[in-house]
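*Asks:* Chains as they are written, first to last, in the UniProt record's numbering: chain C, 1 to 287; chain B, 1 to 266; chain D, 1 to 371.
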Amino acid sequence: MNKTVNQKAWFFVLPVLLLVAFNAFIPLMTVVNYSVQETFGDNTFFWAGVIWFQDVLHSERFHAALGRQLTFTFTILAIEIPLGVAIALCMPRRGIWVPVCLVTMALPLLIPWNVVGAIWNIFALPDIGLLGRTLNGLGFDYNFTRQPGDAWFTLIAMDVWHWTSLVVLLAYAGLVSIPDAFYQAARIDGASSWAIFRYIQLPKMKRVLTIAVLLRFMDSFNIYTEPSVLTGGGPGNSTTLLSIDLVKVALGQFDLGPAAAMSLIYFLIILAMSWLFYTLMMRNEDQ
Amino acid sequence: MKRLTPLVPALYIVFMLLPIYWLLNMSFKTTNEILGDFTLWPREFTFENYITIFTDPTWYMGYVNSLIYVSLNTVISVTVALPAAYAFSRYRFLGDKHLFFWLLTNRMAPAAVFALPFFQLYSAVNLFDTHLAVALAHTLFNIPLAVWILEGFMSGVPKQLDETAYVDGYSFPRFFIRIFLPTIAAGIGVACFFCFMFSWVELLLAKTLTAVEAKPIAATMTRTASASGYELGLLAAAGTLTIVPGAFVIYFVRNYIAKGFALGRV
Amino acid sequence: MAKITLSDLRHSYAARPIRDDDWALKHLDVEWRDGGAYALLGPSGCGKTTLLNIISGLLRPSHGRVLFDDRDVTDLPPDQRHIAQVFQFPVIYDTMTVGQNLAFPLRNRGVDEATVKARVAEIGEMLELSGMLDKRAKNLTADGKQKISLGRGLVREDVNVIMFDEPLTVIDPHLKWQLRSKLKELHQRVRRTMIYVTHDQTEALTFADQVVVMNMGEVVQIGTPVDLFERPQHTFVGHFIGSPGMNVVPCGIAGGQATVAGHTIPVANPVAAGDVRGRIEMGVRPEFIAFDPGGLPVDIVKVSDAGRFRIVDTRLGDHSVKVLVDEGTEIPADGARIVLRTDNTRLYADGWMIGAGRDAGRGDAGQGDVA
Numbered sequence: 001m002n003k004t005v006n007q008k009a010w011f012f013v014l015p016v017l018l019l020v021a022f023n024a025f026i027p028l029m030t031v032v033n034y035s036v037q038e039t040f041g042d043n044t045f046f047w048a049g050v051i052w053f054q055d056v057l058h059s060e061r062f063h064a065a066l067g068r069q070l071t072f073t074f075t076i077l078a079i080e081i082p083l084g085v086a087i088a089l090c091m092p093r094r095g096i097w098v099p100v101c102l103v104t105m106a107l108p109l110l111i112p113w114n115v116v117g118a119i120w121n122i123f124a125l126p127d128i129g130l131l132g133r134t135l136n137g138l139g140f141d142y143n144f145t146r147q148p149g150d151a152w153f154t155l156i157a158m159d160v161w162h163w164t165s166l167v168v169l170l171a172y173a174g175l176v177s178i179p180d181a182f183y184q185a186a187r188i189d190g191a192s193s194w195a196i197f198r199y200i201q202l203p204k205m206k207r208v209l210t211i212a213v214l215l216r217f218m219d220s221f222n223i224y225t226e227p228s229v230l231t232g233g234g235p236g237n238s239t240t241l242l243s244i245d246l247v248k249v250a251l252g253q254f255d256l257g258p259a260a261a262m263s264l265i266y267f268l269i270i271l272a273m274s275w276l277f278y279t280l281m282m283r284n285e286d287q
Numbered sequence: 001m002k003r004l005t006p007l008v009p010a011l012y013i014v015f016m017l018l019p020i021y022w023l024l025n026m027s028f029k030t031t032n033e034i035l036g037d038f039t040l041w042p043r044e045f046t047f048e049n050y051i052t053i054f055t056d057p058t059w060y061m062g063y064v065n066s067l068i069y070v071s072l073n074t075v076i077s078v079t080v081a082l083p084a085a086y087a088f089s090r091y092r093f094l095g096d097k098h099l100f101f102w103l104l105t106n107r108m109a110p111a112a113v114f115a116l117p118f119f120q121l122y123s124a125v126n127l128f129d130t131h132l133a134v135a136l137a138h139t140l141f142n143i144p145l146a147v148w149i150l151e152g153f154m155s156g157v158p159k160q161l162d163e164t165a166y167v168d169g170y171s172f173p174r175f176f177i178r179i180f181l182p183t184i185a186a187g188i189g190v191a192c193f194f195c196f197m198f199s200w201v202e203l204l205l206a207k208t209l210t211a212v213e214a215k216p217i218a219a220t221m222t223r224t225a226s227a228s229g230y231e232l233g234l235l236a237a238a239g240t241l242t243i244v245p246g247a248f249v250i251y252f253v254r255n256y257i258a259k260g261f262a263l264g265r266v
Numbered sequence: 001m002a003k004i005t006l007s008d009l010r011h012s013y014a015a016r017p018i019r020d021d022d023w024a025l026k027h028l029d030v031e032w033r034d035g036g037a038y039a040l041l042g043p044s045g046c047g048k049t050t051l052l053n054i055i056s057g058l059l060r061p062s063h064g065r066v067l068f069d070d071r072d073v074t075d076l077p078p079d080q081r082h083i084a085q086v087f088q089f090p091v092i093y094d095t096m097t098v099g100q101n102l103a104f105p106l107r108n109r110g111v112d113e114a115t116v117k118a119r120v121a122e123i124g125e126m127l128e129l130s131g132m133l134d135k136r137a138k139n140l141t142a143d144g145k146q147k148i149s150l151g152r153g154l155v156r157e158d159v160n161v162i163m164f165d166e167p168l169t170v171i172d173p174h175l176k177w178q179l180r181s182k183l184k185e186l187h188q189r190v191r192r193t194m195i196y197v198t199h200d201q202t203e204a205l206t207f208a209d210q211v212v213v214m215n216m217g218e219v220v221q222i223g224t225p226v227d228l229f230e231r232p233q234h235t236f237v238g239h240f241i242g243s244p245g246m247n248v249v250p251c252g253i254a255g256g257q258a259t260v261a262g263h264t265i266p267v268a269n270p271v272a273a274g275d276v277r278g279r280i281e282m283g284v285r286p287e288f289i290a291f292d293p294g295g296l297p298v299d300i301v302k303v304s305d306a307g308r309f310r311i312v313d314t315r316l317g318d319h320s321v322k323v324l325v326d327e328g329t330e331i332p333a334d335g336a337r338i339v340l341r342t343d344n345t346r347l348y349a350d351g352w353m354i355g356a357g358r359d360a361g362r363g364d365a366g367q368g369d370v371a
């Protein structure tokens, strides 16, 4: 659609701009402000320069949390994206089962995040939870509150449970938008199932999958509520992801300077990675 | 091979429903049974937990509060997003692309980063512990999403519609409300659904910005759980009830969910 | 290369067809000559796409057989029938170049690379795509994309029939004509059987040697464009082909001839009144009527200009009759009289031409049970 140039359009955008600026700009400035100052808790602040940034960037603790965060994000992406695509491919395209599938699958997306944590807590408890009890009954020594490996397993299972549906919905939306003629042409051309996937389905899903990866990347990097309810970052620090660490620093220890510096670095990492991924995915589009 | 394909979504749905089944199962049990036994079905079927929630105002007011700020947020987000999305879909103006991207970056900001500054900001403007505070705070991530979805739907409406209406003598506001909005009703529905969803599920900001008056159900649950020991049955019942509004909403928009994302533009 | 025979074919999308309307194809017995250029013409929903998909193997007919050169292919999937199809909306593989698109059907069949290269170059040249073989296919215009779809069919040497499902729908009007003549030219060159589905009579009549006219799930006539014009077997054909369509006037029968509003009109297919049942009509194209002082009296209602012709709306008794005259012809102001050319005036019973022998593609539609 060719759009007309109209600077008055800014008036339409103004309410959005004011609201988001109020919510984003002022708090962001507050954070920036904290990040360059030192305080001793009595509301007096001193200029601290980039000390906090240096501290955070060099701290073992931040590196460890970032490492855990990256491990978590890439693990769930590696599971949820292929799994979501596979499920979408296997779903019926029409018929009464379609709404049934869609509604059931969308259910976890509408459960408050702390309830998701609580559900999995109850579900995985080694003595009274269905999952924990079953695993132990099968001879596994499973206890997510004590063993880091089990905690990670539970955390990832929870996230897969919570968010794979989003990938399914997106991938499915991409799939149903492919006209039948494409499948018919491919059959006539003698294409194998793999070739159909590779040359028809995957290219048509590229746009929605880009959205899916971006959303899952951003949201998993920001994840706080679910793990804090499920494991509280433990046992030890084994599941302390960036957000949990950040809240511990900011609210637990009230170290505003380092917390603010950490927030900004954290935010910039997400921004940079999202931008990089988006640019890479869309690079071929305009050629 | 072909006959096995429906098994994949079927198995996934089973995996999906297992934890929810366990939650339901627990919510109908007595605390004794939960702690003492391991039963796949409540032996003593009890509504005790639900009765507690529906009779104790600290519980049920949590739901009311949540529903109030979620509705408020949905109305605000979609209302201000509508003209903005129209501008993005119809006009080119100075900085439009940067603005669109900047809006989207707000979805990337971790809520944890904003928790403390939000607390200070909303305290400073005397909105702390009000429904409006939470509703406004949630616009941070819901407005960009609403703009994004609505823009996708609006771009699908040919521009001739606008031009014809002007030729017929419609003023802009009358055209926008009488003709344009009904045309993209499905898009508005989808946008409302997603705003509702993300506002309903968020807890960190909602908890930070409230204390008593506007305390959301999710916060009631965490605080009650820690205050009165481990009342798992009550917690399970409360959790079950938080699923209900979502299930209703999904049912009504089931045909549009997938479409909403497909039409949106990155 | 093959002759295609459709034998006793019926199809229904319903699991248990009960009413007549449940059948998308009511009954077909058609034979398509090897190397012919056919058009399948009919309004939307007449079953032509269904028929096409049955020939290509995308659909299995509920009843009847499909034979290629007397070999039964009813149960064969599309890729084993050696057919090609060009769809209404261009189907191209977005991520591939034009050349890779053309090579795709060959590579899927494991053809060696040297042959693939040679074939792609040859077809690219034939379709005037040579210069853009290395370009991304998705960046081409709609007509370029349709050429690629066609090219994927032409590239295989074993193709029995190439089918076109309204292939010009998304092509710009000024390019439609070009692409149509290209198709005609290609048919002369490769001499493969081609079946062209369309609802546009101009497309059908210019492309095909034989036109198959369909309506409501059955074939109403198969014939050359001239046949369809001069000898419509069914009033539907008369209506659908020609502009304006054939005049169809309810009539009686007396002495073997038609009677309209008290006048006796001689016809090409006289019949005794007792030999026919059903709704009797007389059909004659506006082209075959002329003003003549010795003819039947009519009232002139309206005269409209259609370029080189003028269309005159007249009334014969209670019935509207259109007359087509050359631009220069004088139209009598009042007391106009018309003459119908006997050779082209026919009687129809329940829509079907009397005495035509309904063997041409039509059987006892809608009766009998189906296994």
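Just so you know, even glycine gets a beta-carbon here, dropped at the ideal spot from N, CA and C.
1) One question on the structure: do residue 154 of chain D and residue 187 of chain C come within less than 8 Å of each other, judged by their Cβ atoms?
2) Name, going along the chain, the residues of the stretch 77-92 of chain D whose beta-carbon falls closer than 8 Å to a beta-carbon of chain C.
3) What ranges does the beta strand (DSSP E) occupy inside the stretch 211-257 of chain D, keeping only unbroken runs of at least 3 residues that lie completely in it?
4) Restricting to Cα atoms, I'd like to know which of C:193, C:56, C:196 and C:138 is closest to residue 35 of chain C.
5) Interface residues of chain C around residue 104 of chain D at Cβ under 7 Å?
6) Along the stretch 11-36 of chain C, where does the CB come closer than 7 Å to a CB of chain B? Name the residues.
7) Using a beta-carbon distance below 8 Å, is residue 9 of chain C in contact with chain D?
8) So, at 8 Å on beta carbons, what are the nonlocal neighbours of residue 101 of chain C in its own chain, with the 5 sequence-adjacent residues on each side left out?
9) Could you please give me the residues that DSSP links to residue 338 of chain D through a beta bridge?
10) Going along chain C in order, which residues have a C-beta closer than 7 Å to the C-beta of residue 87 of chain B?
11) Whether or not the stretch 20-35 of chain C and the stretch 114-126 of chain B are in contact is what I'm after, with contact meaning three or more pairs of Cβ atoms, one per stretch, closer than 8 Å; do they touch?
12) Between residue 276 of chain C and chain B, is there a C-beta pair that is closer than 8 Å?
13) Counting contacts by CB-CB distance shorter than 8 Å, is residue 179 of chain C in contact with chain D?
14) Is it buried or exposed, residue 268 of chain B, if we count other Cβ atoms within 10 angstroms and call 16 or more buried?
15) Cα-Cα, which of C:130, C:255, C:148 and C:15 is closest to residue 236 of chain C?
16) Under 8 Å between the Cβ atoms of residue 137 of chain D and residue 97 of chain D?
17) In its own chain, which residues sit with a C-beta less than 8 Å from the C-beta of residue 251 of chain B, not counting the 5 before and 5 after it?
18) Leaving out five residues before and five after residue 133 of chain B in sequence, what residues of the same chain have Cβ atoms less than 6 Å from its Cβ?
19) Can you grab the Cα-Cα spacing for the pair residue 165 of chain C / residue 281 of chain C, in whole Å?
20) What are the boundary residues of the beta strand (DSSP E) that includes residue 64 of chain D?
21) May I ask which residues mark the beginning and end of the alpha helix (DSSP H) holding residue 76 of chain C?
22) Could you check where the beta strand (DSSP E) with residue 31 of chain D kicks off and where it finishes?
23) Measure the Cβ-Cβ separation of residue 239 of chain C and residue 152 of chain C and say whether it is below 8 Å.
24) Quick one: Cα of residue 87 of chain D to Cα of residue 228 of chain C, how far?
25) Where do the N-terminal and C-terminal ends of the beta strand (DSSP E) with residue 284 of chain D fall, by residue?
26) Can you tell me whether residue 215 of chain B is buried or exposed, with buried defined as 16 or more other CB within 10 angstroms of its CB?
27) Measuring straight from C-alpha to C-alpha, what distance separates residue 301 of chain C and residue 54 of chain C?
28) Rounded to the nearest angstrom, how far is the Cβ of residue 223 of chain C from that of residue 241 of chain C, given a contact under 8 Å?
29) Between which two residues does the alpha helix (DSSP H) holding residue 239 of chain C run?
30) What is the C-beta distance between residue 130 of chain B and residue 19 of chain C, in whole angstroms, given that I count them as a contact (C-beta under 8 Å)?
31) Between the C-alpha atoms of residue 137 of chain B and residue 106 of chain C, what's the straight-line distance to the nearest angstrom?
32) Just the C-alpha distance for residue 267 of chain B and residue 60 of chain C, rounded to the nearest angstrom, thanks.
33) By Cβ distance below 7 Å, which residues in the same chain neighbour residue 87 of chain C in space, the five residues on each side in sequence not counted?
34) What residues in its chain sit with their C-beta under 7 Å from that of residue 253 of chain B, if we drop five residues either side in the sequence?
35) Just verifying my parser: in three-state terms, what is the DSSP assignment at residue 352 of chain D?
36) Beta carbon of residue 283 of chain D, beta carbon of residue 271 of chain D: below 8 Å?
*Replies:* Concretely, from the data shown:
1) Start at 1 with the first residue of the third sequence, and residue 154 of chain D comes out as number 154. Start at 1 with the first residue of the first sequence, and residue 187 of chain C comes out as number 187. In terms of Cβ geometry, residue 154 of chain D and residue 187 of chain C do not form a close pair [threshold 8 Å].
2) For the stretch 77-92 of chain D, which is checked against every Cβ of chain C, the residues closer than 8 Å are 77, 78, 79, 83, 84, 85, 87, 88, 89 and 91.
3) Every beta strand (DSSP E) of 3 residues or more that sits fully in the stretch 211-257 of chain D is shown, in chain order, as 218-223, 247-250 and 252-254.
4) In the first sequence, the residue the question calls residue 35 of chain C occupies position 35. Answer by Cα proximity: C:56.
5) Numbered from 1 along the third sequence, position 104 holds the residue referred to as residue 104 of chain D. Within chain C, the residues 189 have their CB atoms less than 7 Å from the CB of residue 104 of chain D, given in chain order.
6) Flagged, chain order: 12, 13, 15, 16, 19, 20, 23, 24, 26, 27, 30 and 31.
7) Working through the first sequence from its first residue, we reach residue 9 of chain C at position 9. Chain D, which has no Cβ nearer than 8 Å to the Cβ of residue 9 of chain C, makes this no.
8) Locating residue 101 of chain C in the first sequence gives position 101, where the first residue counts as 1. Closer than 8 Å at Cβ, skipping near neighbours: 91 and 92.
9) Along the third sequence, read from residue 1 onward, the residue named residue 338 of chain D stands at position 338. In the DSSP output, where bridge partners are listed per residue, residue 338 of chain D has D:291.
10) As a first step, residue 87 of chain B is located in the second sequence; it is residue number 87 there, counting from the start. Listed by position along chain C, the residues whose Cβ is nearer than 7 Å to that of residue 87 of chain B are 9, 12 and 13.
11) Contact between the stretch 114-126 of chain B and the stretch 20-35 of chain C is present, because at least three Cβ pairs lie under 8 Å.
12) Here the question's residue 276 of chain C lines up with position 276 in the first sequence. Chain B contact via Cβ: absent.
13) Translated into the one-based positions of the first sequence, residue 179 of chain C becomes position 179. Chain D, which has a Cβ nearer than 8 Å to the Cβ of residue 179 of chain C, makes this yes.
14) The question about residue 268 of chain B has no answer, for chain B in this structure spans 1 to 266.
15) Residue 236 of chain C sits at position 236 when you count from the first residue of the first sequence. Looking at the Cα atoms, C:148 is the closest of the given residues.
16) Mapped onto the third sequence, residue 137 of chain D falls at position 137. Mapped onto the third sequence, residue 97 of chain D falls at position 97. Yes. Within cutoff.
17) Numbered from its first residue, the second sequence carries residue 251 of chain B at position 251. Correct list: empty, nothing qualifies.
18) Counting from 1 along the second sequence, the entry for residue 133 of chain B is found at position 133. Listed in chain order, the non-local C-beta contacts of residue 133 of chain B below 6 Å within the same chain comprise 122, 127 and 209, local neighbours out to five positions each way being set aside.
19) Within the first sequence, numbered from 1, the residue matching residue 165 of chain C stands at position 165. Within the first sequence, numbered from 1, the residue matching residue 281 of chain C stands at position 281. Straight-line spacing of the CA atoms in residue 165 of chain C and residue 281 of chain C works out to 22 Å.
20) Against the third sequence, residue 64 of chain D aligns to sequence position 64. Start and end: 63-68.
21) Along the first sequence, one-based indexing puts residue 76 of chain C at 76. Element bounds for residue 76 of chain C: 60-90.
22) On the third sequence, residue 31 of chain D is found 31 positions in, with the first residue counted as 1. Start and end: 23-32.
23) By 1-based counting over the first sequence, the position of residue 239 of chain C is 239. By 1-based counting over the first sequence, the position of residue 152 of chain C is 152. Going by C-beta atoms, residue 239 of chain C is nearer than 8 Å to residue 152 of chain C.
24) Within the third sequence, numbered from 1, the residue matching residue 87 of chain D stands at position 87. Within the first sequence, numbered from 1, the residue matching residue 228 of chain C stands at position 228. Note on geometry: alpha-carbon atoms of residue 87 of chain D and residue 228 of chain C lie some 55 Å from one another.
25) Locating residue 284 of chain D in the third sequence gives position 284, where the first residue counts as 1. That run of the beta strand (DSSP E) goes 280-284.
26) On the second sequence, residue 215 of chain B is found 215 positions in, with the first residue counted as 1. A buried status is given to residue 215 of chain B, since no fewer than 16 other beta-carbon atoms sit within 10 Å of its beta-carbon.
27) Residue coverage of chain C in this structure runs from 1 to 287, which leaves residue 301 of chain C outside it and unanswerable.
28) Within the first sequence, the letter at position 223 stands for residue 223 of chain C. Within the first sequence, the letter at position 241 stands for residue 241 of chain C. Sure, about 6 Å apart at Cβ, within 8 Å.
29) Taking the first sequence and counting its residues from 1, the one referred to as residue 239 of chain C is at position 239. From DSSP, residue 239 of chain C is part of no alpha helix (DSSP H); its letter is neither H nor E.
30) Here residue 130 of chain B is taken as the residue at index 130 of the second sequence, counted from 1. Here residue 19 of chain C is taken as the residue at index 19 of the first sequence, counted from 1. With 8 Å as the limit, residue 130 of chain B and residue 19 of chain C do not qualify as a contact, their Cβ atoms being about 16 Å apart.
31) Position 137 of the second sequence holds residue 137 of chain B. Position 106 of the first sequence holds residue 106 of chain C. Cα to Cα, the separation comes out at about 25 Å.
32) Residue 267 of chain B lies beyond the residue range present for chain B, which begins at 1 and ends at 266; the question has no answer from this structure.
33) Here the question's residue 87 of chain C lines up with position 87 in the first sequence. Around residue 87 of chain C: 168.
34) Taking the first residue of the second sequence as position 1, residue 253 of chain B is located at position 253. Closer than 7 Å at Cβ, skipping near neighbours: 189, 190 and 193.
35) Translated into the one-based positions of the third sequence, residue 352 of chain D becomes position 352. Here residue 352 of chain D sits in strand by DSSP.
36) In the third sequence, residue 283 of chain D corresponds to position 283, counting from 1. In the third sequence, residue 271 of chain D corresponds to position 271, counting from 1. If you check the CB distance, residue 283 of chain D and residue 271 of chain D do not come in under 8 Å.
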